[in-house]
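Visitor: Each step along the sequence shown adds one to the number in numbering that gives the first Met the number 0, with nothing skipped, and position 49 is 48.
No residue lacks a Cβ here, since even glycine has one placed at the ideal position from N, Cα and C.
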Amino acid sequence: MAFIEWAPALSVGFDEIDEDHKKLVGIVNKLSDAVTEGQGTSVSGNIIEELLSYTSWHFRHEERLMQSHGDPSFFDHKQEHMDLLEKAADIKKRFDEGDQSVPEEMLPFLKDWLTHHILETDMKTGHFLADKAG
Numbered sequence: 000m001a002f003i004e005w006a007p008a009l010s011v012g013f014d015e016i017d018e019d020h021k022k023l024v025g026i027v028n029k030l031s032d033a034v035t036e037g038q039g040t041s042v043s044g045n046i047i048e049e050l051l052s053y054t055s056w057h058f059r060h061e062e063r064l065m066q067s068h069g070d071p072s073f074f075d076h077k078q079e080h081m082d083l084l085e086k087a088a089d090i091k092k093r094f095d096e097g098d099q100s101v102p103e104e105m106l107p108f109l110k111d112w113l114t115h116h117i118l119e120t121d122m123k124t125g126h127f128l129a130d131k132a133g
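(1) Taking the alpha-carbon positions, what's the PHE127 to GLU18 distance?
(2) Can you look up MET65 in the DSSP assignment and give me helix, strand or coil?
(3) Applying the 10 Å Cβ sphere with the 16-neighbour rule, what's the burial state of GLY125?
(4) Only counting the same chain, and skipping five residues up and downstream in sequence, which positions put a Cβ closer than 7 Å to that of GLU79?
(5) Pick from ASN28, PRO7, ILE16, LYS22: whose alpha carbon is nearest that of PRO107?
(6) Assign THR35 to one of two classes, buried (16 or more other C-beta atoms within 10 Å of its C-beta) or exposed (fewer than that).
(7) Taking only the alpha-carbon atoms, compute the straight-line gap between ASP89 and PHE13 and give it to the nearest angstrom.
(8) Reducing DSSP to helix, strand and coil, say where LEU71 ends up.
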């Protein structure tokens, strides 16, 4: 069973964002599998790099969509993204400094943040964008 199961309830109603979210969920699940299977820090490190890189790309993608459609929640939403990226950079720094507990500790944080952000913040954005695309 996957660490995070993609479900229709996680769909924000805007395909581009939903596809990004599915990929993020897949990367988090890959990290969970690596931790569960004891694949070691090099594998976990590569997955963490992939996750951070894709998350950063996704945030820029989502922000471009929001800006181009005049989403009034843009600045608050962008701040949530910046807060997560800052926290992720701190976590990555700990990992790079040799803290091998980071991958396992990241998982509950990622699950909570991702599902909360999708269900609360991104859901509003998805509906706004879908209405604009109309």
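Guide: Taking the structure as given:
(1) 17 Å
(2) helix
(3) buried
(4) HIS116, THR120
(5) ASN28
(6) exposed
(7) 31 Å
(8) Going by the sequence as given, residue 71 is Pro instead of Leu. It is coil, neither helix nor strand.
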